[in-house]
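To convert, take the position in the first sequence, counting from 1, and add 367; that gives the working numbering.
For every residue, glycine included, the Cβ atom is placed at its ideal position computed from N, Cα and C.
Quick caveat, the model's predicted, so the values are computed rather than measured.
Below is one structure, written out as structure tokens; comments come after it.
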Amino acid sequence: MPELPEVETIARGLATRVVGDVIESVWLGSKPEPLKSPAAEIVSALESKNILDVRRVGKHIVFDLAPASGAQANKKPDAQWIVHLGMTGSLLVCAPQTELAKHTHAIVRLASGRELRFVDPRRFGRLSINEKFEAPGAEPLDVSLEKFTALFRGRKTPIKSALLNQKLLSGVGNIYADEALFRAGIRPRRRAASLTRDELRRLHLSLKRVLKQAIRLGGSSISDYVDANGEEGFFQLKHRVYGREGKPCLVCKGPIKRIVIAGRSSHYCPKCQQ
DNA sequence: ACTATTTCCTGGATGC
DNA sequence: TGCATCCAGGAAATAG
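What follows is the structure in structure tokens.
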């Protein structure tokens, strides 16, 4: 399930492979769910466009596009293709003769002869067109301690829920919320507004550290996640609480607990997190 | 204005 | 072996 580090890894991998390429044509499947923009709008925004850049914004992958005709230099994007991978979405660069995976919802044919395919079994992913996409919340890797602190002021919701709220921070998902809270020594059910200045400082630091470490390791490969090159990440080997219910805490040896907060499984150490 | 809950969707795991 | 049931979860929709 791609969160910030996985999406960052995928976007970087895609950038090295498709930036500078030109989109010749687009095929969209008949399933309407993955399309947030009308199919015709997506097709016309993509076709005959040069891919200027591929980057991550929150959990979204943004393709900056400009008309393929005209001078290459100093091109400015005139449209953005936004891909959200949801739970099970993937973007694969492959040869046209590569067998079509089940649940392929979009195929983008490139001038280089390759194809960029969007595959998503569970169909939680979304495709859309934007002029200038902006994440609804703060970027977790850039946010200052002051702004981070202000996000949670007056919020009665559990800190775990607040971390997952994309309008506050864009990019944090279930794995990294649990891991950051463990590293900061804070229980997931704590009311966001109840966190002390010192706890907020620790959480701010832990969240950035855990996200950066995960990016360095290519993300967490659980379920069927692989990056744009089909390679697995290794951060799952560094999980200290996520998916470790009943297993000994790596710090105190006590059993890791799993509870449900806002319908999401949440893992923590009752002794190390207060 | 917030917060909590439900819904979407499929494949893999589990249980009888 | 087969079939039913449960569970995973990001984000939008709905309810409180």
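Within 7 Å, strictly: CB atoms of residue i and residue j
i, j, result
"I428", "V410", "no"
"F519", "A551", "no"
"R607", "F549", "yes"
"L413", "V386", "no"
"Y543", "E370", "yes"
"Q533", "N497", "no"
"V577", "E612", "no"
"P637", "K624", "yes"
"G504", "L477", "no"
Local Cβ density within 10 Å of residue i, reported as buried at 16 or more and exposed below that
i, result
"E373", "buried"
"G425", "buried"
"S495", "buried"
"Q640", "buried"
"S436", "exposed"
"L512", "exposed"
"R554", "buried"
"S561", "exposed"
"V460", "buried"
"A581", "buried"
"G521", "exposed"
"S397", "exposed"
Beta strand (DSSP E) segment containing residue i, residue limits
i, result
"R631", "631-635"
"H451", "446-451"
"V424", "416-424"
"V618", "Unbroken run through V618: none, as it is neither H nor E."
"V659", "Residue 659 cannot be examined here, being either before or after the span of the chain that is shown, 368 to 641."
"A473", "471-477"
"E482", "482-486"
"E308", "In the structure as shown, the chain begins at 368 and stops at 641. Residue 308 is therefore absent and cannot be evaluated."
"H427", "427-434"
"V460", "457-461"
"V627", "624-628"
"N497", "493-497"
Opening and closing residue of the alpha helix (DSSP H) in which residue i lies
i, result
"V385", "371-385"
"A529", "526-531"
"D565", "564-583"
"N541", "541-551"
"L512", "512-518"
Residue nearest to residue i in terms of C-alpha spacing, selected from the options
i, options, result
"L483", "I623, S573, G613, L395", "L395"
"N541", "F500, G387, Q603, V510", "Q603"
"K523", "V539, R556, G538, F500", "R556"
"P401", "V486, S436, Q447", "V486"
"S479", "R423, L381, A505, D388", "D388"
"P434", "K416, D420, R423", "K416"
"R631", "S511, L531, R569, K499", "L531"
"L381", "L419, L536, S397, A505", "L419"
"R422", "E375, K398, A468", "E375"
"G538", "P507, E391, E408, A629", "P507"
"E391", "A505, S561, L432", "L432"
"R568", "L458, V510, G504", "V510"
"A378", "E501, L458, L535", "L458"
"R481", "R384, A502, S397", "R384"
"F430", "V618, P615, K499", "K499"
"L584", "R564, L572, K605, M368", "K605"
"P622", "A517, A629, H634", "H634"
ask   = When the Cβ atoms of the stretch 490-505 are set against those of the stretch 454-465, are three or more pairs found closer than 8 Å?
value = Touching, per the Cβ criterion.
ask   = Three or more beta-carbon pairs under 8 Å between the stretch 432-442 and the stretch 461-468, yes or no?
value = Counting Cβ pairs under 8 Å, fewer than three are found: no touch.
inquiry  = Three Cβ pairs or more, each shorter than 8 Å: is that satisfied between the stretch 524-533 and the stretch 470-486?
reply    = Taking a cut-off of 8 Å on C-beta distances, the stretch 524-533 does not touch the stretch 470-486, as fewer than three cross pairs fall below it.
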